[in-house]
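In terms of our numbering, the sequence shown is residues 668 to 1037.
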Amino acid sequence: MADRPAADDARYRDRLDRLRLIRSANIGPVTYRQLMARFGSAAAALEAIPALAARGGGRAPRLAAPDDIARELAAVERLGGRYLFLGNPAYPPLLAELESAPPVLILRGDTGLFARPAVAVVGARNASAAACRFARGLAQDLAAGGVAVVSGLARGIDTAAHVGALDGGTIAVVASGIDVVFPPENAALQEAVATRGLLVAEQPPGTEPRARHFPYRNRIIAGLSLGTVVVEAAPRSGSLITARLAAEAGRDVMAVPGSPVDPRAQGCNGLIRDGATLVQSAADIIETIRPIDARAVRAPAHEFAAQPLHADASDADRARITALLGPTAVPVDELIRQSGIVPAIVHTVLLELELAGRLERHAVARVSLA
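As structure tokens, this is what we get:
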């Protein structure tokens, strides 16, 4: 490090501090965003955490060790990957709209694909041969039309979508580290996407995919995309979770109809019954997303700047807000309404409780006691 320019040293320290914040206990995407907005830098946020957790009635969370983060940084560099942090102007603006946007993405491949309008194509792992062929052709036509095809590199429909769009532009979001292949038979495809398309991971290198990682991956797939297309899906499948997340983010949900006697089509047919757009071709999809296509090229997010909230909570505020919480998740807006306390103070108390390990955050801006 002695020969490293001072500017590079500063950038390295900033990346190390950001990753320490992200990898520390009790700090999820919402908390990371709030800490960065409040303190302006990861270093300042790390310093403030013990006092915030104490006010929340608990011990400070275990902070990630600098040596562990240095090893992660070296591993990503060795793998040919790069980091993209929330707040960087290059961060995908549609994904940044999510309250739970990942604080960091680890990437291999062509980041220029983030500038294209994108559509997610997802579906059953045990998909029929006919559905896989249809998904492959659909993805090929979308990519030829300048649309990046996003999927999760799973068996079945995901694999077919990536293969179809490989020459035109595809983004694969994995539930593991960028160096871990799942399923194993997609090793060659994952490498092809990383060299000819774009491979995206939220988890650090070496992370094996676990069940809890897949919903996190699904939110990235939905968040990157103007709309999500489901091609074959059983009820209560992961593909329907992606569709739900897309709807919650205000994106289009589309489905390809199937035979009512095929269980693999029940999820798609149910989506259509509940209001999803029926699509049968790439032209249908492009026509559906065109009215909101401009969102993909709007002004990007910018780096965080310190925003002093002047919202220090009193003990009475903390007691009132905590008394309204319980094991059942409640919308934050409802806490604000029932407590009669200004939003900045409510958010401050929730931040303190989360850092103390006493609060759990749920989808759609809901919280409960842990």
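Even glycine gets a Cβ: it sits at the ideal position worked out from N, Cα and C.
The closest CA to that of residue 908, considering only 841, 888, 923 and 844, is found on 888. Burial check for residue 705: the Cβ neighbour count within 10 Å reaches 16 or more, so the residue is buried. Assignment of beta-bridge partners to residue 919 by DSSP yields 894. Short of 7 angstroms from the beta carbon of residue 995, and not among the five residues preceding or following it, lie these beta carbons of its own chain, in chain order: 1035. In this structure, DSSP gives residue 752 an extended state, which the three-state scheme calls strand. With respect to the 8 angstroms criterion, residue 724 and residue 1028 are not classified as neighbours on the basis of their beta carbons. Cβ neighbours of residue 848 within its own chain (closer than 6 angstroms, five residues either side excluded): 854 and 857. Per DSSP, the continuous beta strand (DSSP E) segment holding residue 867 begins and ends at 865–868. Counting only unbroken stretches of 4 or more residues, the alpha helix (DSSP H) elements lying wholly within the segment 702–782 are 709–722, 733–745 and 760–763, in sequence order. Less than 8 angstroms divides the Cβ of residue 790 from the Cβ of residue 898.
With contacts defined by Cβ atoms closer than 8 angstroms, residue 696 and residue 768 form a contacting pair. By the Cβ rule, the segment 799–811 counts as touching the segment 834–845, because three or more pairs are nearer than 8 angstroms.
Close CB contacts of residue 757 within its chain, under the 8 angstroms cut and outside five residues either way in sequence, are with 751, 778, 781 and 967 (chain order). Here the alpha carbon of residue 828 sits roughly 35 angstroms from the alpha carbon of residue 687. Between residue 730 and residue 867, the gap from beta carbon to beta carbon reaches 8 angstroms or more. If you ignore the 5 residues before and after residue 793, its C-beta comes within less than 8 angstroms of the C-beta of 822, 823 and 931, all in its own chain and listed in chain order. With fewer than 16 other CB atoms across the displayed protein chains lying within 10 angstroms of its CB, residue 747 is exposed.
Residue environment analysis places residue 998 among the exposed positions, since fewer than 16 neighbouring C-beta atoms fall within 10 angstroms of its C-beta. CA-to-CA, the gap between residue 1002 and residue 916 works out to about 22 angstroms. Look at residue 822 here: in three-state DSSP terms it is coil, with no helix or strand label. Pairing residue 895 with residue 812, the inter-Cα distance amounts to about 17 angstroms.
The beta-carbon separation of residue 736 and residue 683, rounded to 5 angstroms, stays under the 8 angstroms limit for a contact. Between the beta-carbon of residue 820 and that of residue 863 there is about 14 angstroms, and that puts the pair past the 8 angstroms contact cut.
Looking at the DSSP output, residue 909 shares a beta bridge with no other residue. Annotated as distal: residue 815 and residue 796, with beta-carbon spacing of 8 angstroms or more. Secondary structure note for residue 809: it is in no beta strand (DSSP E), and the uninterrupted alpha helix (DSSP H) holding it is 796–811. Straight-line spacing of the CA atoms in residue 744 and residue 818 works out to 25 angstroms.
In the DSSP assignment, residue 939 falls within the alpha helix (DSSP H) that extends over 933–940. For residue 774, the closest of 845, 1007 and 875 by C-alpha to C-alpha distance is 845. Take residue 913, set aside five residues on each side of it, and the residues of its chain with a beta-carbon closer than 8 angstroms to its own are 787, 889, 892, 894, 895, 919 and 920, in chain order. A straight line joining the alpha-carbon of residue 802 with that of residue 783 spans about 20 angstroms.
Within its own chain, the residues whose Cβ lies closer than 6 angstroms to the Cβ of residue 865, once the five positions on either side in sequence are excluded, are 776, 777, 780 and 838, listed in chain order.
Cβ-Cβ distances below 7 angstroms link residue 765 to 886, 890 and 916 in the same chain, with the five nearest sequence neighbours on each side left out; the list follows chain order.
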